[in-house]
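For reference, the structure is listed below as structure tokens.
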Amino acid sequence: MLVQGLPPDGATARAVNGHAWTIADFHRADQVDLLARIDVALRNAYRAEKAPASPWPEPVWRPGQESPEQKQKAKKRAAQAAREGYEDIVAQVAPGRI
């Protein structure tokens, strides 16, 4: 019964959710994303014929998502794992080549 009366952005909610974002913060992030997409759509609609199209914007970071730094590190780890796998296969098929 006591848990039902706790505020949605209180310390208990932050501990359970793992972040301090409120519903309003998520709404603001959605608004920023929407405005950025509208801006790009209008720029592309009214650009010169030979001008390149603007790319769609990246969405605003939200809790629970990887940060850009974490994405970059994961990409490097995946590339390293792929390279090691390739070298392992080449070493098995053509010994002495690597």
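Counting in this note's numbering, the sequence shown runs without a single skipped number right up to 98 at its last residue.
For every residue, glycine included, the Cβ atom is placed at its ideal position computed from N, Cα and C.
Rounded C-alpha distance that separates residue i from residue j
i	j	result
Ala-51	Pro-95	52 Å
Leu-34	Asp-88	46 Å
Pro-8	Gly-18	13 Å
Ala-81	Glu-66	20 Å
Val-3	Lys-75	41 Å
Tyr-86	Gln-70	24 Å
Gly-10	Ile-23	12 Å
Arg-77	Gly-5	45 Å
Thr-12	Tyr-46	49 Å
Lys-73	Ala-48	38 Å
Arg-83	Val-16	39 Å
Sequence-distant residues of the same chain with beta carbon closer than 6 Å to residue i, five excluded per side
i	result
Gln-92	none
Val-32	Val-60
Same chain, Cβ closer than 8 Å to residue i, five either side skipped, listed in chain order
i	result
Arg-62	Trp-21, Phe-26, Ala-29
Neighbourhood of residue i by C-beta, 7 Å cutoff - its chain only, sequence neighbours within 5 removed
i	result
Arg-14	Ala-20
Cβ-Cβ separation, residue j to residue i (assumed contact under 8 Å), whole Å
i	j	result
Arg-43	Ser-54	5 Å
Val-40	Pro-57	6 Å
Residue i beta carbon near the ligand PLP (any heavy atom closer than 7 Å)
i	result
Pro-55	Annotation note on the ligand PLP: not contained in the displayed structure, which lists no ligands.
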